[in-house]
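Participant:
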Amino acid sequence: MGNDTTGGGVIASMTGFAAREGSDGQGASWSWELRSVNGRGLDLRLRLPDGLGALEAPLRKRLSEVIGRGSVSLSLRVVREQGGPGATDPAKLAAVLAQLAQVRAAAEAQGIACAPVDPATILSLRALSENGEAATMPAPEALLADAEPLLSAFTAMRQDEGRALAALLDAQIDRIENLVSGAETAAAARAEPQAARLRAAIAILVEATEIDEARLAQEVAALALKTDVTEEIDRLRAHVAAARALLAQGGAVGRKLDFLMQEFNREANTLCSKSQDAGLTAIGLDLKLAIDQTREQVQNVE
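So that you can map any letter, position 71 of the sequence shown is 71 in UniProt numbering, and since no number is skipped, the others follow by simple counting.
1. Would you check if the distance between the CB atom of Gln159 and the CB atom of Ala12 is smaller than 7 Å?
2. Indicate the three-state DSSP secondary structure (helix, strand or coil) for Ala196 in the structure shown.
3. From Ala238 to Ser275, what distance separates their C-alpha atoms?
4. Would you call Leu144 buried or exposed, if buried means 16 or more other Cβ atoms sit within 10 Å of its Cβ?
5. Among Arg255, Leu52, Asn178, which one has its Cα closest to the Cα of Glu141?
6. Taking the runs of the beta strand (DSSP E) that are 3 residues or longer, which of them lie wholly in the UniProt domain "Endoribonuclease YicC-like N-terminal" (11 to 166)?
7. Where Ala115 and Glu302 are concerned, what is the direct C-alpha to C-alpha distance, given to the nearest angstrom?
8. DSSP three-state label for Val180, please.
9. Assuming contact is defined by CB atoms lying nearer than 7 Å, are Ser64 and Gly39 in contact in what I supplied?
10. For the 8 Å Cβ check, are there 3 or more pairs between the stretch 41 to 58 and the stretch 258 to 275?
11. State buried or exposed for Ala106, treating a residue as buried only when at least 16 other CB atoms are found within 10 Å of its CB.
12. How long is the line joining the alpha carbons of Arg190 and Asn178, rounded to whole angstroms?
13. Grouping DSSP H, G and I as helix and E and B as strand, with all else coil, what is Asp253?
14. According to the Cβ coordinates, are Glu21 and Ser36 closer than 7 Å?
15. If you check the beta carbons only, do Leu93 and Leu34 fall under 7 Å apart?
16. Report the residue from Arg175, Asp277, Val10, Pro138 whose alpha carbon sits nearest the alpha carbon of Val66.
17. Taking Leu285 and Val229 to be in contact with their CB atoms under 8 Å, please state how far apart those CB atoms are, rounded to whole angstroms.
18. Is the beta carbon of Ala290 less than 7 Å from the beta carbon of Ile176?
19. Output the distance between the C-alpha atoms of Asp50 and Arg62, rounded to the nearest integer angstrom.
20. Considering only their Cβ atoms, is the gap separating Leu280 from Ala187 smaller than 7 Å?
21. In whole angstroms, what is the alpha-carbon distance linking Thr294 and Ala54?
22. I'd like the span of the alpha helix (DSSP H) that includes Gln297, first residue to last.
23. Can you say whether Ala139 is buried or exposed, counting buried as having 16 or more other CB atoms within 10 angstroms of its CB?
24. Could you check the C-alpha separation between Arg235 and Gly254 for me, to the nearest Å?
25. Shortest alpha-carbon distance to Ala18 belongs to which of Gly25, Met137, Ala153, Val96?
26. If you reduce the DSSP assignment to three classes, tell me which class Val301 lands in.
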């Protein structure tokens, strides 16, 4: 049985590929190809040979058990060996020749000219094979069993890429956390310079050297409230903790991580709009860049 990546434990990439060949030892061989790319949900597309439509339902069920999300394509190609001239059944040959003669006679009666038939073409007809009954499609059970190693290889590749993705995301979350800490420090350092700028502006407006300290304190408090980013910093830290918890949880967490990246971006935008400080704005822009880069990686997570 292939590994199930839809539960917790291992983060898997939505990008994957696996191919496999097999045969039944009775003249039939086949080749599988399974690939997937990013997708908003689980989109399964199967290409099966005529006569093997019964495989579609069990294959879809099995794929949905091991794949949680992605645009997935599975194709199966079957090749059946043809028998040699020595395997021709004389009775079947006589019947085919009689049918050809009947067709020719009917055509000539209608004034339709028929081109000569190449003997090699007649011998190539599968209906003339003595073991024609055996030249059928491989047993569905054999094909379903052969699909399991294909799914295992496919899952292993997606998990290998998932581990690399998780390492990148861990590093990006660390970077975001460091920027949040920097934003907190820069925000705290704004208070005194903002008060000094406000003091200078008021002095110019009233053309006085004496300033009502009580009124100034009120104005500074109002400005501080308007530009306070404490809530944004707190929510960003909470999002960092949530992202780490999802990475530790593993499994199909791509959608949750993507939603979390949207929330990260919302808080970063608000922080920049409240900044009114060049240093804090620069950190906010770096934070938005880091969030965008992280979200690009999250798009690959199942």
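A virtual CB, placed ideally from N, CA and C, is assigned to each residue, including glycine.
Facilitator: Answer, in terms of the structure:
1. Yes, the pair counts as a contact, with Cβ atoms nearer than the cut-off.
2. Looking at Ala196 - three-state DSSP - the assignment turns out to be helix.
3. 20 Å
4. The Cβ neighbour count for Leu144, taken over all protein chains shown within 10 Å, is under 16; the residue is labelled exposed.
5. Leu52
6. 16 to 23, 28 to 37, 42 to 47, 70 to 80
7. Rounded to the nearest angstrom, the two C-alpha atoms are 60 Å apart.
8. helix
9. The answer is no: Cβ separation not under 7 Å.
10. no
11. Counting Cβ neighbours within 10 Å, Ala106 comes out exposed, since fewer than 16 surround it.
12. Arg190 and Asn178: Cα-Cα distance of roughly 19 Å.
13. In the sequence under discussion, the amino acid at residue 253 is Val, which differs from the Asp named in the question. Taken through DSSP and simplified to helix, strand or coil, Val253 comes out as coil.
14. Taking a C-beta distance under 7 Å as the contact criterion, Glu21 and Ser36 do not qualify as a contact pair.
15. no
16. Restricting attention to Arg175, Asp277, Val10, Pro138, the CA atom closest to the CA of Val66 is found in Val10.
17. That belief does not hold up - the Cβ atoms of Leu285 and Val229 are roughly 14 Å apart, past 8 Å.
18. yes
19. 21 Å
20. yes
21. 43 Å
22. 278 to 298
23. Classification for Ala139: exposed.
24. When only Cα atoms are considered, Arg235 and Gly254 end up about 20 Å apart.
25. Ala153
26. strand
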